[in-house]
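Residue numbers (the UniProt record's numbering), protein chains in the order written: chain A, 1 to 444; chain B, 1 to 229.
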């Protein structure tokens with residue numbers, strides 16, 4: 001027996017299929033009988049912009065001087081049909097996020113930060129608040145299936161209108177704002193009793209399909225005197241056809257949101273298993289616009305997991321006109337800040353992983369309607385942080401563009417890029433680094 | 001009072017002129033001829049004027065209306081009076097689907113029948129249909145009243161919130177969480193007021209109607225109710 005006890009033993013071995021995380025989720029499901037709901041976007045590892053590199057200048061390409069030669073960043077959105085297109089100083093916009101899912105202070109901070117940076121911010125499900133309108137120089141008004149808070153006065157007060165068909169975190173899905181976050185004010189704006197779970201429909205109530213969409217866009221233009229740019233936002237699922245159909249329906253701007261794009265609250269299984277990674281969606285969308293002769297005429301805004309100026313530069317190099325950020329903007333405001341670690345621990349999580357945004361207990365005061373928690377977010381300071389972050393991202397993108405010899409961010413092109421992985425090379429349709437191989441397009 | 005020939009002068013010019021009207025305008029009665037089924041006629045009005053449309057209209061006629069009284073002497077396509085805030089829209093003929101969708105206020109009266117999804121996501125409007133309504137009407141209806149003198153199609157009031165539904169005829173089936181409720185005096189009074197507003201006081205007996213509303217069992221998501229969706 002003693003000899004056997006000393007014999008080498010097989011080391012404990014975890015399954016690559018039934019990982020500790022997977023087993024934990026099975027136990028949770030077995031205990032509760034309900035799927036996991038959370039905020040944020042896809043957390044799984046996906047082919048992403050980190051898998052691309054810029055080549056920079058060389059003998060055949062010459063760079064621009066970093067601190068002297070101009071590299072422009074401004075962008076015009078809505079030049080196709082709108083009488084009053086939007087002019088932005090930077091192509092980094094703030095994505096749609098609702099008052100209700102976010103606190104009023106957070107919405108105000110987003111408006112303040114965007115305005116300092118010379119860019120736009122966007123409303124969300126639940127309508128437009130006076131604070132948000134007041135602090136946002138350029139405000140895009142989302143027109144959503146639920147039409148919560150939708151009224152024609154706000155439509156006319158907006159600078160652009162975004163018809164939301166879907167979002168990257170849940171293409172084909174609606175939403176649910178749980179009763180914990182439905183205060184009297186939120187409920188009043190949505191014409192519902194306080195405290196009830198508010199379902200957001202996944203389909204628009206008065207149109208179906210691309211032909212109807214064209215008629216709906218026509219109505220929105222009539223109501224707003226053909227002044228406002230009309231965006232159409234889609235979750236990345238069939239980007240070639242969705243972009244083509246949105247353009248055909250008369251959109252000025254197409255917003256394409258990949259699966260890393262965040263949500264206020266959706267089933268984890270939906271977030272992680274439906275839709276395309278942002279990287280995979282851009283080239284088909286750009287191709288659709290090219291095929292219609294509308295590239296740069298109908299602008300393309302891409303969102304979903306954009307974190308840095310490098311990401312911005314890569315998205316633009318692949319053919320987009322602008323980007324939108326949501327999760328990154330919330331982090332800049334103070335979301336998941338380690339300063340609240342004790343409270344994250346008390347909620348059973350940790351700073352950096354907190355995603356129970358639907359519960360309304362956010363220690364950072366952002367994804368909550370709790371008056372005490374909300375006070376923790378100073379909208380002026382938070383807005384300043386967001387403006388700083390936007391400035392850094394813009395400077396980073398300019399740095400890369402100058403290194404590639406471009407005098408405008410829009411002059412970046414796929415030729416400036418290579419990929420580190422075969423997957424990224426195939427999705428971005430650029431060569432694998434060190435080769436001339438573009439999977440699916442050229443032979444080895 | 002202005003008479004506008006839509007066929008010759010075009011939709012944009014009509015809506016531009018209607019939108020330019022101030023609350024104290026003297027041009028309080030407009031007639032639109034030859035609508036020819038055009039979409040978004042008189043959408044986005046915001047003045048206490050009357051617009052009479054002599055013929056059939058397409059989608060979203062009187063959409064997002066505020067204050068105005070719009071009379072359609074014909075039938076209307078999808079989404080008539082959608083997202084109306086206030087005012088009065090009267091359709092002399094039939095209406096297609098999603099009539100009065102998401103509307104916050106005002107009143108929509110349909111002399112004929114309404115198609116599917118009548119009053120979908122309604123948020124405070126009063127809708128009165130003298131004929132019958134199609135399937136999935138008052139889906140996710142949040143507030144307001146839907147009164148039907150005829151019959152209702154399948155899945156009436158599915159996932160209903162606080163809207164009140166009054167139906168005189170038969171209901172093919174009720175949607176999830178929609179139940180028949182007791183008709184008390186307060187409801188008969190409310191129904192009488194709506195009938196009166198539609199010019200039917202004394203002609204229709206509120207006592208002939210049944211009331212339907214939310215059972216409120218789906219107000220908070222619970223796994224035991226998953227089968228109801």
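Note that CB positions come from ideal geometry on N, CA and C, so glycine has one too.
Nearest-angstrom beta carbon gap, residue j and residue i [assumed within contact, 8 Å]
i, j, result
"residue 80 of chain A", "residue 252 of chain A", "5 Å"
"residue 268 of chain A", "residue 38 of chain A", "6 Å"
"residue 87 of chain B", "residue 165 of chain B", "Actually they do not touch by this definition, with Cβ atoms about 22 Å apart."
"residue 100 of chain B", "residue 85 of chain B", "Contact doesn't hold; Cβ gap of about 12 Å is too wide."
"residue 53 of chain A", "residue 420 of chain A", "7 Å"
"residue 324 of chain A", "residue 303 of chain A", "4 Å"
"residue 195 of chain A", "residue 179 of chain A", "5 Å"
"residue 86 of chain A", "residue 76 of chain A", "7 Å"
For residue i, three-class secondary structure by DSSP
i, result
"residue 128 of chain B", "strand"
"residue 115 of chain A", "helix"
"residue 296 of chain A", "coil"
"residue 188 of chain A", "helix"
"residue 357 of chain A", "helix"
"residue 165 of chain A", "coil"
"residue 387 of chain A", "helix"
"residue 97 of chain B", "coil"
"residue 195 of chain B", "helix"
"residue 432 of chain A", "strand"
"residue 270 of chain A", "helix"
"residue 416 of chain A", "helix"
"residue 410 of chain A", "helix"
"residue 256 of chain A", "strand"
"residue 437 of chain A", "coil"
"residue 200 of chain A", "strand"
Exposed unless 16 or more other CB atoms sit within 10 angstroms - verdict on residue i
i, result
"residue 291 of chain A", "exposed"
"residue 296 of chain A", "exposed"
"residue 339 of chain A", "exposed"
"residue 141 of chain A", "buried"
"residue 189 of chain B", "exposed"
"residue 134 of chain B", "buried"
"residue 59 of chain A", "exposed"
"residue 29 of chain B", "exposed"
"residue 119 of chain A", "buried"
"residue 415 of chain A", "exposed"
"residue 153 of chain A", "exposed"
"residue 207 of chain B", "exposed"
"residue 229 of chain A", "buried"
Cβ-Cβ distance between residue i and residue j below 8 Å
i, j, result
"residue 40 of chain B", "residue 250 of chain A", "no"
"residue 182 of chain A", "residue 220 of chain A", "no"
"residue 75 of chain B", "residue 51 of chain B", "no"
"residue 236 of chain A", "residue 256 of chain A", "yes"
"residue 117 of chain A", "residue 377 of chain A", "no"
"residue 147 of chain B", "residue 127 of chain B", "yes"
"residue 379 of chain A", "residue 147 of chain A", "no"
"residue 286 of chain A", "residue 326 of chain A", "no"
"residue 123 of chain B", "residue 97 of chain B", "no"
"residue 55 of chain B", "residue 34 of chain B", "yes"
"residue 447 of chain A", "residue 374 of chain A", "Absent from the structure is residue 447 of chain A, since the part of chain A shown begins at 1 and ends at 444."
"residue 77 of chain B", "residue 58 of chain B", "yes"
"residue 152 of chain B", "residue 171 of chain B", "yes"
"residue 284 of chain A", "residue 47 of chain A", "no"
"residue 110 of chain A", "residue 386 of chain A", "yes"
When the options are compared against residue i, the one with the closest alpha-carbon
i, options, result
"residue 160 of chain B", "A/71, A/197 and A/50", "A/197"
"residue 382 of chain A", "A/11, A/318, A/104 and A/88", "A/104"
"residue 187 of chain B", "B/210, B/177, B/94 and B/12", "B/210"
"residue 117 of chain B", "B/154, B/30, B/89 and B/181", "B/154"
"residue 418 of chain A", "A/169, A/362, A/76 and A/56", "A/56"
"residue 462 of chain A", "A/50, A/73 and A/167", "Because chain A here runs from 1 to 444, residue 462 of chain A falls outside it and cannot be looked at."
"residue 125 of chain A", "A/99, A/119 and A/317", "A/99"
"residue 309 of chain A", "A/397, A/262, A/154 and A/265", "A/397"
"residue 156 of chain B", "B/6, B/9, B/208 and B/179", "B/179"
"residue 407 of chain A", "A/49, A/65, A/12 and A/15", "A/65"
"residue 259 of chain A", "A/342, A/69, A/173 and A/153", "A/173"
"residue 129 of chain A", "A/114, A/151, A/301 and A/215", "A/151"
"residue 189 of chain A", "A/36, A/440 and A/127", "A/127"
"residue 192 of chain A", "B/73, B/37, B/8 and B/102", "B/102"
"residue 38 of chain B", "B/115, B/8 and B/130", "B/8"
"residue 395 of chain A", "A/72, A/211 and A/427", "A/72"
"residue 15 of chain A", "A/23, A/354 and A/307", "A/23"
* According to a CB-to-CB cut-off of less than 8 Å, which residues of the region 215-234 of chain A neighbour chain C? -> No chain C appears in this structure, whose protein chains are A and B.
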